[in-house]
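Chemist: Could you have a look at this structure, given as structure tokens, before my questions?
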Amino acid sequence: HVKTMKSGVLLSLLTGASALRLQRSLPREVARTAAPALDRAVVVRTASAAALGLLAQATLGAQPVLAMELPAFMQDQLGANAERPFDLGGGGRRTGKSGYLNLCPSRRTGRTCLSTFDDPYDSSYVPPWSYYPAEDTKAGREIAQNGGKGKPLDVAYAELVAALKVTPGATIIETKDRYVYAEFRDPIFGTIDDVEFLFSTDTPGFVNYRSAGRAKGGDDKRHRERIKELRQKLQPSNWRSVGRLNL
């Protein structure tokens, strides 16, 4: 009986914390575009119930509830069923050039985004990666002594693909011609972010990337954390950020 009471108290504490986090993380757009008789409190309560279902079933060892099991109206409000946007794929590679990824959409669209091709003075700009070690390291000096020839592009490409394959929530959609495109699905809300990578030929060792949300609302924190975590997975293979943001 005491054990059951303790479990109940713990679940109650987790319930409050989960609801608070969910309330803070819900995009404002949900409240603006809500269906008739639907307000933010209803969305929060429903999402909280779904999260608690995950928590309770995980605690009891049962089969977890999937994000797609949320009510259809909530999926629509959160953007889980949003179609794949048209601004993917970049361009400029057909003529044999290095190519580019698209700029981030206007803030007026409400979509969050980061891109290495945006204006460096814009908040949506992020620095590219390099799969060559820094010049002031032992490995970097060895590359310099070797005429600047570092890790082959195809080897680095395989490293990135392998890291994406073991990243939770990631599904690789396309791998072609120095380009990698993956979808990242939120485990609770089911919303999707589109993340692209493009290996440069203009600057050997450089990798550009773009991470954009399909749904409106929220902030770019999740994009920054995701990019940083992925880069840290690759760090043992001498991957690094080439900018001050260290993403």
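Going by the numbering used here, the first residue of the sequence shown is number 1377, and it counts up by one from there.
Just so it is clear, CB atoms sit at the ideal spot from N, CA and C, and this is done for glycine as well.
1. For S1401, I'd like the list of residues in its chain whose CB is within less than 8 Å of its CB, leaving aside the five on either flank, ordered along the chain.
2. Using a Cβ-Cβ cut-off of 6 Å (strictly less than) and excluding sequence neighbours within five positions of E1679, which residues of its own chain qualify?
3. Should L1606 and V1502 be called a contact, given that it needs their Cβ atoms to be closer than 9 Å?
4. Could you tell me whether the stretch 1526 to 1538 touches the stretch 1450 to 1457, where touching means 3 or more Cβ pairs closer than 8 Å?
5. In chain order, what residues of the same chain have a beta carbon less than 6 Å from the beta carbon of H1599, not counting five sequence neighbours either side?
6. For N1584, which beta-bridge partners are listed by DSSP?
7. Do the stretch 1507 to 1514 and the stretch 1575 to 1585 meet, that is, are 3 or more Cβ pairs less than 8 Å apart?
8. In the DSSP assignment, find the unbroken alpha helix (DSSP H) run with I1603 in it and report its ends.
9. Mark T1567 as exposed unless 16 or more other C-beta atoms lie within 10 angstroms of its C-beta, in which case mark it buried.
10. Which residue spans inside the stretch 1470 to 1554 form an unbroken beta strand (DSSP E) run of at least 3?
11. Is R1561 closer than 9 Å to T1543 when the C-beta atoms are compared?
12. If we count the other Cβ atoms within 10 Å of its Cβ and call it buried at 16 or more, is R1602 buried or exposed?
13. Nearest to R1616 by CA position, among E1511, Y1555 and R1484, is which residue?
14. Taking G1486 and L1477 to be in contact with their CB atoms under 8 Å, please state how far apart those CB atoms are, rounded to whole angstroms.
15. Please classify E1572 as buried or exposed, where buried requires at least 16 neighbouring CB atoms within 10 angstroms.
16. Under 7 Å Cβ to Cβ from L1479, same chain only, skipping five residues before and after it: list those, please.
17. How should K1527 be labelled, buried or exposed, when 16 other C-beta atoms within 10 angstroms of its C-beta is the threshold for buried?
18. Expressed to the nearest angstrom, what Euclidean distance is found between the alpha-carbon atoms of S1474 and P1447?
19. Whole angstroms are fine: how far does the CA of I1519 sit from the CA of L1610?
Modeler: According to the data block:
1. Residue placement at S1401 is poorly supported in this model, since its pLDDT is 47, which falls under 50; the coordinates are not used for a value here.
2. With the chain represented from 1377 up to 1623, any question about residue 1679 goes unanswered, as that position is not in the structure.
3. no
4. no
5. L1490 and S1587
6. L1574
7. yes
8. K1597 to L1610
9. buried
10. 1487 to 1491 and 1546 to 1552
11. no
12. buried
13. E1511
14. Wrong, their Cβ atoms sit about 20 Å apart, outside the cutoff.
15. buried
16. S1491, F1493 and D1494
17. buried
18. 44 Å
19. 19 Å
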